[in-house]
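Residue numbers (my numbering): 8 to 365. Heads up, the beta-carbon is just placed ideally off N, CA and C, and yes, glycines get one too. Small disclaimer: the values here were computed from a predicted structure and weren't measured.
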Ligand SMILES: [Fe+2]
Ligand SMILES: [Fe+2]
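In structure tokens:
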């Protein structure tokens with residue numbers, strides 16, 4: 008038995024003790040709904056950034072974040088219907104990283120669906136990822152809800168195919184958060200046409216939930232918290248009554264409402280990013296975030312890392328964030344205000360500064 012196996016076993020044993028004590032995030036699902044027959048839940052894990060060092064060595068912190076989320080997800084009661092993995096499983100897209108991440112995900116007791124992240128993609132343009140996890144974009148129906156996965160981290164062909172001398176260089180250039188050599192993410196024409204076809208036969212009242220890695224909204228271009236053709240994708244989703252977009256990549260809790268579309272970001276299991284609005288200033292910060300947000304502390308290393316439990320009720324999402332080192336949070340769609348809100352902190356008095364300027 009190698010040391011990694013011992014660690015995992017000890018960890019799971021520890022989890023059992025926590026379960027007996029009743030402090031697992033099980034209580035997070037105790038949400039009261041009028042029409043409970045339509046409710047179902049799924050779990051969301053994202054941005055583990057599994058990083059290969061050499062040989063059989065990987066960055067242990069990132070491994071641990073993913074191992075923990077898988078273990079906790081497996082212990083949830085009631086059991087989620089499925090799990091979504093939100094992208095950036097790897098750090099530099101190598102086979103070693105993707106294999107190692109896939110091995111950890113294989114421990115999930117549920118079917119899981121994967122979203123492509125830029126860290127998974129830009130070494131071999133998603134070829135090995137595709138072998139492990141299947142198509143880069145796809146859709147399925149579950150209990151009356153239409154689910155869609157898009158690969159939103161594509162960019163201009165010229166940047167991808169001509170600009171860099173090696174695939175490794177291309178990967179490194181796209182892996183940086185604020186690298187001026189990066190290129191804006193986009194869904195692209197091919198997938199937009201596919202999406203249009205995919206949505207064609209759907210009834211307008213069918214709830215739609217779309218998973219992407221980058222936000223399908225323009226938040227901050229400097230860090231690629233951004234999708235260049237976000238408006239075009241949003242336009243395709245506009246005819247539907249209940250639309251939710253869930254995205255990874257930003258490593259922080261974010262929520263927003265644009266027209267009929269609710270947006271929810273999920274946390275990373277690896278590390279939190281700071282909030283671009285603190286740095287970007289209003290001019291580069293688009294769109295206007297329409298719902299004031301209570302934020303975790305980006306300067307506290309493990310704050311805002313974790314995974315999430317999602318309750319889907321009559322087409323809109325309640326998302327419970329299981330923060331590894333902070334109080335758990337729930338962001339739920341409020342039918343009265345037609346937007347997602349933090350159920351505990353939405354009132355201005357309870358909001359933690361610097362959010363008080365909203
Ligand atoms: Fe990431
Ligand atoms: Fe990412």
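Item, Value
"Skipping 5 residues on each side, what residues in its chain have a beta carbon closer than 6 Å to that of residue 277?", "54, 55, 56, 69 and 72"
"Return yes when the Cβ of residue 143 is within less than 7 Å of the Cβ of residue 103, no when it is not.", "no"
"Quick check on residue 40: buried or exposed, where buried means 16 or more other Cβ atoms within 10 Å of its Cβ?", "A caution first: residue 40 carries a pLDDT of 36, below 50, which makes its placement in the model unreliable, though a value can still be read off. The residue in question, residue 40, is exposed, as its Cβ has fewer than 16 Cβ neighbours within 10 Å."
"Can you give me the start and stop residues for the alpha helix (DSSP H) that residue 126 sits inside?", "125 to 128"
"Going along the chain, which residues put their C-beta within less than 5 Å of some heavy atom in ligand 1?", "54 and 95"
"Between residue 137 and ligand 2, is the CB less than 6 Å from at least one heavy atom?", "no"
"Among 238, 117 and 145, whose alpha-carbon lies nearest the alpha-carbon of residue 123?", "145"
"Taking 6 Å as the line, does the beta carbon of residue 180 fall inside it for any heavy atom of ligand 2?", "no"
"Thinking C-alpha only, which one of 299, 152, 211 and 238 is nearest residue 45?", "152"
"Given the structure, does residue 256 come close to ligand 3, in the sense that its CB is under 6 Å from one of the ligand's heavy atoms?", "Ligands in the displayed structure: ligand 1 and ligand 2; ligand 3 is not one of them."
"Are the stretch 202 to 222 and the stretch 177 to 184 in contact at 8 Å, needing three or more beta carbon pairs?", "no"
"From residue 105 to residue 111, what does the alpha carbon distance come to, in whole angstroms?", "10 Å"
"By the three-class DSSP mapping on this structure, what secondary structure does residue 342 have?", "coil"
"Do the stretch 250 to 264 and the stretch 128 to 135 make contact, defined as three or more Cβ pairs closer than 8 Å?", "no"
"Would you say the beta carbon of residue 235 comes nearer than 6 Å to a heavy atom of ligand 2?", "no"
"Does ligand 2 have a heavy atom nearer than 6 Å to the CB of residue 124?", "yes"
"Can you grab the Cα-Cα spacing for the pair residue 299 / residue 353, in whole Å?", "7 Å"
"Contact defined as beta carbons within less than 8 Å: I believe residue 160 pairs with residue 125. What is the distance between those atoms, to the nearest angstrom?", "4 Å"
"State the DSSP-derived secondary structure class of residue 351, mapped to helix, strand or coil.", "coil"
"Applying the criterion that 16 or more other CB atoms from any shown protein chain within 10 Å of the CB defines a buried residue, is residue 347 buried or exposed?", "buried"
"In whole angstroms, what separates the C-alpha of residue 108 from that of residue 203?", "32 Å"
"Just to confirm, are residue 234 and residue 223 a CB contact at a threshold of 7 Å?", "yes"
"In its own chain, which residues sit with a C-beta less than 6 Å from the C-beta of residue 194, not counting the 5 before and 5 after it?", "157, 159, 236 and 240"
"Which residue comes first and which comes last in the alpha helix (DSSP H) that contains residue 164?", "164 to 168"
"Can you list, in chain order, the residues of its chain with a C-beta nearer than 7 Å to that of residue 394? Leave out the 5 residues immediately preceding and following it.", "The structure shown does not extend to residue 394, since the chain spans only 8 to 365, so no value can be given for it."
"Relative to the C-alpha of residue 322, which candidate in 61, 134, 208 and 251 has its C-alpha closest?", "251"
"Which partner residues does residue 333 have in the DSSP bridge list?", "According to DSSP, which records beta bridges pairwise, residue 333 is partnered with nothing at all."
"For residue 116, which residues in the same chain have their Cβ closer than 6 Å to its Cβ, ignoring the five residues on either side in sequence?", "81"
"CA-CA distance, residue 75 and residue 328?", "14 Å"
"Tell me, which residues are paired with residue 145 by DSSP?", "156"
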